[in-house]
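Q: Starting off with a structure, shown below.
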Amino acid sequence: MRHLVNRDPGKRILGAAIDIGTSDIKGALLDIKSKKELARASVPNEQGAFGRDVITRLHFATTNKKGPKELKKRVISAINKLLARLAKEAEVDKNCIKKVLAVGNSTMYHLIFMVRADSLARAPFQPAAKKMRTKNARAMGINAAKNAEFKFLPNVAGFVGSDTLAVILSTKINKKKNHSLIVDIGTNGEIVLGSKNKILVTSCACGPAFEGRYIRPGTKLIDLVAGLLDKGIIDKTGRMAVNKTPLTQANVREAQVAKAALAAGVEILLRKARIGVKDIDRLYITGNFGANINVRNAKKIGLIPAGIRGNKITILKDGALSGAKKVLLKPEKEREIKDILAICEHVELHKDKDFQDIFAAFMSF
Numbered sequence: 011m012r013h014l015v016n017r018d019p020g021k022r023i024l025g026a027a028i029d030i031g032t033s034d035i036k037g038a039l040l041d042i043k044s045k046k047e048l049a050r051a052s053v054p055n056e057q058g059a060f061g062r063d064v065i066t067r068l069h070f071a072t073t074n075k076k077g078p079k080e081l082k083k084r085v086i087s088a089i090n091k092l093l094a095r096l097a098k099e100a101e102v103d104k105n106c107i108k109k110v111l112a113v114g115n116s117t118m119y120h121l122i123f124m125v126r127a128d129s130l131a132r133a134p135f136q137p138a139a140k141k142m143r144t145k146n147a148r149a150m151g152i153n154a155a156k157n158a159e160f161k162f163l164p165n166v167a168g169f170v171g172s173d174t175l176a177v178i179l180s181t182k183i184n185k186k187k188n189h190s191l192i193v194d195i196g197t198n199g200e201i202v203l204g205s206k207n208k209i210l211v212t213s214c215a216c217g218p219a220f221e222g223r224y225i226r227p228g229t230k231l232i233d234l235v236a237g238l239l240d241k242g243i244i245d246k247t248g249r250m251a252v253n254k255t256p257l258t259q260a261n262v263r264e265a266q267v268a269k270a271a272l273a274a275g276v277e278i279l280l281r282k283a284r285i286g287v288k289d290i291d292r293l294y295i296t297g298n299f300g301a302n303i304n305v306r307n308a309k310k311i312g313l314i315p316a317g318i319r320g321n322k323i324t325i326l327k328d329g330a331l332s333g334a335k336k337v338l339l340k341p342e343k344e345r346e347i348k349d350i351l352a353i354c355e356h357v358e359l360h361k362d363k364d365f366q367d368i369f370a371a372f373m374s375f
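If you're matching positions, the sequence shown starts at 11 in this note's numbering and goes up one per residue.
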């Protein structure tokens, strides 16, 4: 029989870093004093019952009277399951958890605090609130120590939230002389291009391509499309010559839309920075789906720039969670988060006059 370790809970300080994603919520339990990671786990975001993507959830929140309360209830329920799993794995009492630090996109921030989300759900697509928030965890409904602190790091702009700031922190691109590119591939896509002088950020909707609704896991779709392109079964336009495969024509079109959106976002940031692919010193690929991607196949379908050599590409597993852990263990990192925000510029793709043309051009394989 396993025994819960509760050695003087008044003195032992444990903290949980959590990344509230659209599809999943990931977390790590840490001993604040020793800085040791005690457990790591992931649970589904229960808000998925009201929509797989953020736009659908925002619509529910802004058009249904009980929407905000129900969406908050679902995400808090998922967080509590995550904390319970972490505590069980580490063999500790959840009452030892005295700090919970969260990161997530702007939508997750609005929904967990029940911030009115009309301005995010429709034009101008900007968050109604961006500042870091600190609340009593139990007052939020989170099962932790009596006076536990729940902190959510600040948003950037648009749909770009603190999860992106956490990835920037973990990659240290804000301290590098040369340009780095971050592509965070999940249910939503975030793109970052910058250096110590300036950081450009944007987001795009990847659509249902990587959700794994028909092809599991979602990244398998990339591999299948790349393989069929190699065999000539799919042509450059995405048309399938035969249909004796696990894929449908609709699956291929979904892959095209997702990769075109991400590729167009990268291209617009490169133009904004007035640099080319050859000027990128390092490409970081992260996100719920990005961390499991096959780089060769991603290049083949045009999801990531083919001109970046393999030795310049780093796959980051749990990039946002890694950044959140840094802030949890070193509160002074909150100052660095503010410094990153000061050099960030949010680029709104839908306002770029060339976006539609660039997007259309990248639809081809």
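Think of the CB as a built atom: it goes at the ideal place given N, C-alpha and C, for glycine as much as any other residue.
Predicted model only: the values in this text are computed from it and were never measured.
1. Roughly how many angstroms lie between the CA atoms of D128 and D63, to the nearest whole one?
2. Using DSSP with H/G/I as helix, E/B as strand and the rest coil, what is I28?
3. Near M11, what residues of its chain come up, given a Cβ to Cβ distance below 6 Å and the 5 sequence neighbours on each side ignored?
4. What does DSSP give as the partner residue(s) for S87 in the beta ladder?
5. Following the continuous beta strand (DSSP E) through D34, name the residue where it begins and the one where it ends.
6. In chain order, what residues of the same chain have a beta carbon less than 7 Å from the beta carbon of T247, not counting five sequence neighbours either side?
7. Can you tell me whether V252 is buried or exposed, with buried defined as 16 or more other CB within 10 angstroms of its CB?
8. Using three-state DSSP, classify N302 as helix, strand or coil.
9. So, for F369: in the same chain, excluding its five sequence neighbours on each side, which residues have a beta-carbon less than 8 Å away from its beta-carbon?
10. Alpha carbon to alpha carbon, how far is L93 from L279? Give it in angstroms, no decimals.
11. Hey, would you say G196 sits closer than 8 Å to N55, going by beta carbons?
12. For G317, I'd like the list of residues in its chain whose CB is within less than 6 Å of its CB, leaving aside the five on either flank, ordered along the chain.
13. Beta carbon of V211, beta carbon of H356: below 8 Å?
14. By a C-beta neighbour count over all protein chains shown, 10 Å radius and 16 as the cutoff for buried, is D18 buried or exposed?
15. Report yes if the CB atom of V193 is closer than 8 Å to the CB atom of G329, and no otherwise.
16. If you reduce the DSSP assignment to three classes, tell me which class I353 lands in.
17. In angstroms with no decimal places, state the Cα-to-Cα distance between I152 and A236.
18. At 3 residues or longer, and completely inside the stretch 171-257: list those beta strand (DSSP E) runs for me, N to C.
19. Can you give the beta carbon distance from A147 to A138, rounded, assuming they're within the 8 Å contact cut?
20. Return the residue from the list A71, L130 and K343 that minimises the CA-CA distance to K182.
21. Check whether the Cβ atoms of K187 and S205 sit closer than 8 Å, and answer yes or no.
22. For S52, does the three-state DSSP call read helix, strand or coil?
23. I need the DSSP call for Q366, collapsed to helix, strand or coil.
24. If we require 4 or more residues per run, which alpha helix (DSSP H) segments fall completely within the stretch 76-164?
25. How should G25 be labelled, buried or exposed, when 16 other C-beta atoms within 10 angstroms of its C-beta is the threshold for buried?
26. What residues in its chain sit with their C-beta under 8 Å from that of S33, if we drop five residues either side in the sequence?
A: Based on what the coordinates show:
1. Residue numbering aside, residue 128 sits at position 118 when the sequence shown is read from its first letter. Residue numbering aside, residue 63 sits at position 53 when the sequence shown is read from its first letter. One C-alpha to the other measures close to 16 Å.
2. The residue given as residue 28 occupies position 18 in the sequence shown. Three-state result, I28: strand.
3. As a working note, residue 11 is residue 1 in the sequence shown. At M11 the pLDDT is 39, less than 50, meaning the model places this residue with poor confidence; the figure from the coordinates comes in the next sentence. None.
4. Reading the sequence shown from its first residue, position 77 is the one you call residue 87. DSSP lists no partner for S87.
5. By 1-based counting over the sequence shown, the position of residue 34 is 24. Its beta strand (DSSP E) spans residues D34 to D41.
6. Taking the sequence shown and counting its residues from 1, one reaches residue 247 at position 237. Excluding sequence neighbours, T247 sits near S374.
7. Residue numbering aside, residue 252 sits at position 242 when the sequence shown is read from its first letter. It counts as exposed.
8. Residue mapping note: residue 302 aligns to position 292 of the sequence shown, counting from 1. Here N302 sits in helix by DSSP.
9. Within the sequence shown, the letter at position 359 stands for residue 369. Once the five neighbours on either side are set aside, the close Cβ partners of F369 are A270, A271 and A274.
10. Residue 279 sits at position 269 when you count from the first residue of the sequence shown. Residue 93 sits at position 83 when you count from the first residue of the sequence shown. Between L279 and L93, the alpha-carbon positions lie close to 38 Å from each other.
11. The sequence position of residue 196 within the sequence shown is 186, counting from 1. The sequence position of residue 55 within the sequence shown is 45, counting from 1. No, these two residues do not count as a Cβ contact at 8 Å.
12. Counted from its first residue, the sequence shown places residue 317 at position 307. V287, listed in sequence order.
13. Within the sequence shown, residue 211 is the residue found at index 201, counting from 1. Within the sequence shown, residue 356 is the residue found at index 346, counting from 1. Their beta carbons are under 8 Å apart, which means V211 touches H356 by this criterion.
14. Here residue 18 refers to the residue found at position 8 of the sequence shown. Its pLDDT being 49, under 50, D18 is placed unreliably by the model, and the measurement read from it follows with that caveat. Per the 10 Å Cβ criterion, exposed.
15. The count along the sequence shown starts at 1 and reaches residue 193 at position 183. The count along the sequence shown starts at 1 and reaches residue 329 at position 319. It is not a contact, given that the beta carbons lie outside the stated cut-off.
16. For this step, residue 353 is matched to residue 343 along the sequence shown. Under the three-state reduction of DSSP, I353 is assigned to helix.
17. Position 142 of the sequence shown holds residue 152. Position 226 of the sequence shown holds residue 236. Looking at the two C-alpha atoms, the distance is approximately 44 Å.
18. 189-195, 198-204 and 209-215
19. Position 137 of the sequence shown holds residue 147. Position 128 of the sequence shown holds residue 138. Actually they are not in contact, since the Cβ atoms of A147 and A138 sit about 23 Å apart, beyond 8 Å.
20. For the purposes of this step, residue 182 is identified with residue 172 of the sequence shown, where counting begins at 1. Comparing Cα positions, the closest option is K343.
21. Taking the first residue of the sequence shown as position 1, residue 187 is located at position 177. Taking the first residue of the sequence shown as position 1, residue 205 is located at position 195. Contact: yes.
22. In the sequence shown, the residue the question calls residue 52 occupies position 42. In the three-state reduction of the DSSP assignment, S52 falls in the strand class, which pools E and B.
23. Indexing the sequence shown from 1 puts residue 366 at position 356. Here Q366 sits in helix by DSSP.
24. 77-100, 116-123 and 128-131
25. By one-based count along the sequence shown, residue 25 stands at place 15. Here G25 is buried, its C-beta having at least 16 other C-beta atoms within 10 Å.
26. Numbered from its first residue, the sequence shown carries residue 33 at position 23. These residues qualify, in order along the chain: P54, N55, G58, R62, G196, T197, E221 and N298.
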